[in-house]
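Trainee: Residues 9 to 361, numbered by the working numbering, are exactly what the sequence shown covers, in order.
Below is one structure. I have some questions about it.
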Amino acid sequence: MSSLLHLAAALDQPGSFDAGACVELARLAERGGLDFVTLDDPLARTGPDALGVLCRVAPATRRIGLVPTVTTTRTEPFRVRAAVDTLDWVSRGRAGWRIDVSTTEGDARLFGRRDAVPAESPWQEAGQAVDVTARVGDGRDESTGRFLDRDRPHRVDRTGTAFPVGGPSTVPRPPQGHPVRVVDVTDGPARTVAARCADVALVRAVAPAQAAGVRDRLREETRAFGRDPDALRILVSLLVDLGDGEYAAMQGHGGGGPRPTVQGPLYRGGPVDLAELVSAWHADGVTDGFHLVPVEPRRDLERLVNGTVALLQHRGLFRTFYPGGTLREHLGLARPADPYTVPGATAVTGGTS
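Written out as C-alpha cells, the structure is:
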C-alpha cells in the first residue's frame, strides 16, 4: 500500500454549462492539495464535454491533476490518445483518463448504432483500446517529436473487434509519457482492465472488509498480468453529503460506515467525522486513499477542503504542498519508459498517418 494518503474529488455539476464554476471548484481542490479532480462525460445526458471543460480548467490551475471520463466504446483509440495527450501538454503533465464504456440504447444511437451491447463486450473493447493507445504515441524523440529510427518509423497496424488502427499518433509523446489511467471497478469486467493497465482503481465500498476484499483480488489479478501490484493505487469512491456541518454523522454513516444507495456508498455527516473515517480506513491498510463525490459540489467541496483535509494535514496524514508538478508525481507513480526508444538512433520526420 502507498504510504501517502491520496485524495481526489469529483467536479460534476449535473445540468450546468458553466466552465467557470468548474475552474473555481478545481482551484479550491488545488488549494487543499488534492491529487486530482474528475469530471464525468454525459454522453446521452445534457452537459458539456468533460475533456473540453478540463482543457479550459488546465491553464487556470497549476498543480492539481485533471481526469476527464473518456468513453472507449465505438471511439477510435487514435483520437482518444490524441485528445488525452493534448490535455497532458496543455496542463504540463497533469492529465489522466478515466476509462469508461457505454452500454445503453441511447448511447448506441449517438454513435449511429441501433443496438446496445452486453457489458462484457465494451470492456473487452476498452482493453484493446487502452493497449493500442499506449503504443500509438511512442517511438519519438521527446525533445523534437520526431521518430527515433530513420529506417523504421513506428506504426501500430492492428484490427480489433471494433476498430482498425494505423498509427502512429500525430501528437508527440506527452510530458507524463502516458497520462494516468483511472478505472472504476464497480462492474466485474472492468476489474480485468484495471488489473491489466490501470494506474488508479476506484472501488465503491460501504465497509472496510468489502474494500479490503476488492483490493486483495485486484492485487492478485495485477500480479497475474505480470505487473507490480504496488504500482496500482486503489481509492475508495464515496458520495459525501456534508450538509450537517459539524454535527456527528448519522447512524449508519461516518464512524458507522457509509450507507449503500442507488448512486453508490454515501457518507452523510460532518467533515470531522469524515476525517476519522478516512484516517481509520487508510490506517487499516484497506485503501490508498479516497475519491470523494460531493452531493452539493460547492458546499461540500468547501467543507471537505477547509474541514476534512485541514484536519488530515494537521495530523500529518496528507500533504500540505505539492512536491512535484505532474499527476504521476502526486501519486508516486513512475513515468513509463518508451519501449520503442532505440539508443543512439537518429530522429527523423514523417511516418504519420
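By construction, the Cβ of each residue, glycine as well, lies at the ideal position given by its N, Cα and C atoms.
Can you give the Cα-Cα distance for E337 and P331, rounded to whole angstroms?
Mentor: Their backbone Cα atoms lie some 8 angstroms apart in a straight line.
Trainee: Which first and last residues belong to the beta strand (DSSP E) in which F329 is found?
Mentor: Taken as a continuous stretch (DSSP letters only), F329 belongs to no beta strand (DSSP E), as it is neither H nor E.
Trainee: For T194, which three-state DSSP category applies?
Mentor: coil
Trainee: If R106 and P76 are in contact, beta carbons under 8 angstroms, what's the gap, nearest whole angstrom?
Mentor: 7 angstroms
Trainee: Mapping DSSP to helix, strand and coil, what is V179?
Mentor: coil
Trainee: Could you tell me which residues DSSP pairs with F44 in its beta bridges?
Mentor: DSSP output for F44 lists A16 and G73 as bridge partner(s).
Trainee: For R267, does the three-state DSSP call read helix, strand or coil?
Mentor: strand
Trainee: Would DSSP call H432 helix, strand or coil?
Mentor: The structure shown does not extend to residue 432, since the chain is modelled only from 9 to 361, so the question has no answer here.
Trainee: To the nearest angstrom, report how far apart Q321 and V248 are at their CA atoms.
Mentor: 19 angstroms
Trainee: By how many angstroms is the C-alpha of A91 removed from the C-alpha of G212?
Mentor: According to the sequence as given, residue 212 is Arg; it is not Gly. Separation of R212 and A91 (C-alpha to C-alpha, rounded to the nearest whole angstrom) is 28 angstroms.
Trainee: Contact defined as beta carbons within less than 8 angstroms: I believe S110 pairs with T69. What is the distance between those atoms, to the nearest angstrom?
Mentor: 29 angstroms between Cβ atoms; not a contact.
Trainee: What residue range is occupied by the uninterrupted alpha helix (DSSP H) comprising R35?
Mentor: A27 to R39
Trainee: Could you give the distance in angstroms between the alpha-carbon of L59 and the alpha-carbon of T83?
Mentor: 14 angstroms
Trainee: Output needed for L210: all residues of its chain with C-beta closer than 6 angstroms, excluding positions within five of it in sequence on either side, in chain order.
Mentor: Within the same chain, L210 has close Cβ partners D192, L243, S245 and H299.
Trainee: Between which two residues does the beta strand (DSSP E) holding G104 run?
Mentor: G104 to D108
Trainee: Check for me: the beta strand (DSSP E) holding P85 runs from which residue to which?
Mentor: No beta strand (DSSP E) contains P85, which is instead part of the alpha helix (DSSP H) from P85 to V98.
Trainee: Going by DSSP, what residues sit across from S245 in a beta bridge?
Mentor: H299
Trainee: Is it the case that the Cβ atoms of L13 and V45 are separated by a distance below 9 angstroms?
Mentor: no
Trainee: Return the residue from the list G55, S99, V88 and D236 that minimises the CA-CA distance to A342.
Mentor: D236
Trainee: Taking C-beta to C-beta, are L325 and H290 nearer than 9 angstroms?
Mentor: yes
Trainee: Going by C-alpha to C-alpha distance, which of T200, G101, A198 and S129 sits closest to H186?
Mentor: Ranking the options by Cα distance to H186, first place goes to G101.
Trainee: Would you list the one or two residues that DSSP bridges to A209?
Mentor: DSSP, once it has assigned bridges, lists V191 and I242 as partnering A209.
Trainee: How would you label D43, buried or exposed, when you count the other beta carbons within 10 angstroms and need 16 or more for buried?
Mentor: buried
Trainee: Only counting the same chain, and skipping five residues up and downstream in sequence, which positions put a Cβ closer than 8 angstroms to that of L36?
Mentor: L309, E310 and V313
Trainee: Closest to A73 by C-alpha separation, out of A103, D108, R204 and P130, would be which residue?
Mentor: The sequence given here has Gly at residue 73, not Ala. When each option's Cα is compared against that of G73, the closest is A103.
Trainee: Measure the Cβ-Cβ separation of V222 and V208 and say whether it is below 9 angstroms.
Mentor: no
Trainee: Hey, could you find the ends of the beta strand (DSSP E) L274 is sitting in?
Mentor: L274 to R276
Trainee: By how many angstroms is the C-alpha of V138 removed from the C-alpha of S99?
Mentor: Roughly 21 angstroms between the two C-alpha positions.
Trainee: Counting only C-beta atoms, is D20 closer than 9 angstroms to chain B at any point?
Mentor: The question asks about chain B, but that chain is absent: this structure has only one protein chain.
Trainee: Which of the three DSSP states is assigned to V78 in this structure?
Mentor: strand
Trainee: Taking DSSP as the reference, what is the three-state secondary structure of A342?
Mentor: Reduced to three states, the DSSP call for A342 is coil.
Trainee: What are the start and end residues of the alpha helix (DSSP H) that includes L226?
Mentor: P216 to A232 is the extent of the alpha helix (DSSP H) around L226.
Trainee: Given that a residue counts as buried once 16 or more other Cβ atoms are within 10 Å of its Cβ, and exposed if not, what is A345?
Mentor: exposed
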